[in-house]
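Below is one structure, written out as structure tokens; the observations come after it.
Protein chains in written order, with our numbering: chain A, 1 to 100; chain B, 101 to 289.
Structure below.
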């Protein structure tokens, strides 16, 4: 296990998340893609912390990323609930009012 | 790192990425949720290998619970048993795949090409304790910022998800003297 390998695996997780966030139509599946992206960010931050500068500051950054995941999930579910109530659908393609 | 731990790391790495890919390959949302939970557990275990006991454990615990909540939401929104209903709801598959591959090439290329510096400093003897001391000491401002953010998220999520706000009960100008009940005239069902 080296920093390079950890970062490549984190990049793979992030890229799979990008694919999911861009390609999925169901809001909850889009959220899964975003979660995978943050999963990769957590792994990359942990690798950088351990291999470059294992001071407590890096762990605090990881806590912030985990808090960001929590916020993303809570707001995602709230928006999905609102969308479901107003449009009777949970598809992103049904919420394109603001698209050009 | 010992060869055994190195092998464990590679197994976890393969599981995390394979489970991540499975999220968007399996034909039911419930299976996708489980696959994402497996990916998170594998990453949490990798964090444990990096001696991040506290962060690794809360990642595993939090994400397993989060995936359980996600499964409930899926059943609620889809109005069916998602484990039994094969489905594929994607758009722009090729474009997304090309973009994702491009992101991977850029990120992985950067990771491999950058000349990373040598490690500076040594980890504290008790990492969890040092994290607690950082949070309660020099990094308290970070937590003080995160706390109102989480509170604001709670409020915003409740406002968005609430089916009947004050405008539904008291009208658009908020001048109704008595609140309207659910489904009454003038209120959206």
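C-beta atoms are modelled at their ideal positions from N, C-alpha and C, and glycine is treated no differently.
Small disclaimer: the values here were computed from a predicted structure and weren't measured.
Measuring CB to CB, does residue i end up less than 8 Å from residue j?
| i | j | result |
| --- | --- | --- |
| residue 17 of chain A | residue 47 of chain A | no |
| residue 105 of chain B | residue 136 of chain B | no |
| residue 11 of chain A | residue 207 of chain B | yes |
| residue 26 of chain A | residue 97 of chain A | no |
| residue 13 of chain A | residue 21 of chain A | no |
| residue 172 of chain B | residue 142 of chain B | no |
| residue 64 of chain A | residue 231 of chain B | no |
Find the nearest neighbour of residue i within the set the options, judged by alpha-carbon distance.
| i | options | result |
| --- | --- | --- |
| residue 110 of chain B | A/5, A/11, A/14 and A/37 | A/5 |
| residue 156 of chain B | A/51, A/1, A/43 and A/52 | A/43 |
| residue 45 of chain A | B/127, B/243 and B/211 | B/211 |
| residue 70 of chain A | A/32, A/1 and A/12 | A/32 |
| residue 222 of chain B | A/13, A/58, A/10 and A/21 | A/58 |
| residue 38 of chain A | A/2, A/85, A/67 and A/74 | A/67 |
| residue 190 of chain B | A/2, A/53, A/9 and A/29 | A/29 |
| residue 62 of chain A | B/239, B/214 and B/272 | B/239 |
| residue 251 of chain B | A/9, A/87 and A/74 | A/74 |
| residue 177 of chain B | B/130, B/220 and B/159 | B/130 |
| residue 229 of chain B | A/24, A/55, A/51 and A/3 | A/55 |
| residue 346 of chain B | B/248, B/133 and B/122 | This structure cannot settle anything about residue 346 of chain B, because the visible part of chain B is limited to 101 through 289. |
Can you pull the chain B residues whose beta carbon is under 7 Å from the beta carbon of residue i, in chain order?
| i | result |
| --- | --- |
| residue 11 of chain A | 204, 207, 208 and 211 |
| residue 7 of chain A | 211 |
| residue 98 of chain A | By Cβ distance, chain B contributes nothing, its closest Cβ being about 16 Å from residue 98 of chain A, past 7 Å. |
| residue 94 of chain A | The premise fails here: residue 94 of chain A is roughly 12 Å from chain B at the closest Cβ pair, so nothing lies under 7 Å. |
Taking C-beta pairs closer than 8 Å, name the residues in chain A that residue i reaches, listed in chain order.
| i | result |
| --- | --- |
| residue 220 of chain B | 52 and 53 |
| residue 117 of chain B | 9, 12, 13 and 16 |
Please state the DSSP three-state secondary structure of residue i.
| i | result |
| --- | --- |
| residue 104 of chain B | helix |
| residue 1 of chain A | coil |
| residue 189 of chain B | coil |
| residue 26 of chain A | strand |
Please compile the residues from chain A whose C-beta is within a distance smaller than 9 Å of the C-beta of residue i.
| i | result |
| --- | --- |
| residue 224 of chain B | 54, 55 and 56 |
| residue 162 of chain B | 66, 69 and 70 |
Can you pull the chain B residues whose beta carbon is under 9 Å from the beta carbon of residue i, in chain order?
| i | result |
| --- | --- |
| residue 85 of chain A | 261 and 263 |
| residue 46 of chain A | 143, 146, 147, 150, 152, 155 and 156 |
Determine the chain B residues that contact residue i at a beta-carbon separation under 8 Å, and present them in chain order.
| i | result |
| --- | --- |
| residue 22 of chain A | 192, 195, 196, 199 and 200 |
Counting only Cβ pairs nearer than 7 Å, list the residues of chain A close to residue i.
| i | result |
| --- | --- |
| residue 248 of chain B | Ordered by position in chain A, no residue passes the 7 Å Cβ test against residue 248 of chain B, which lies about 12 Å from the chain. |
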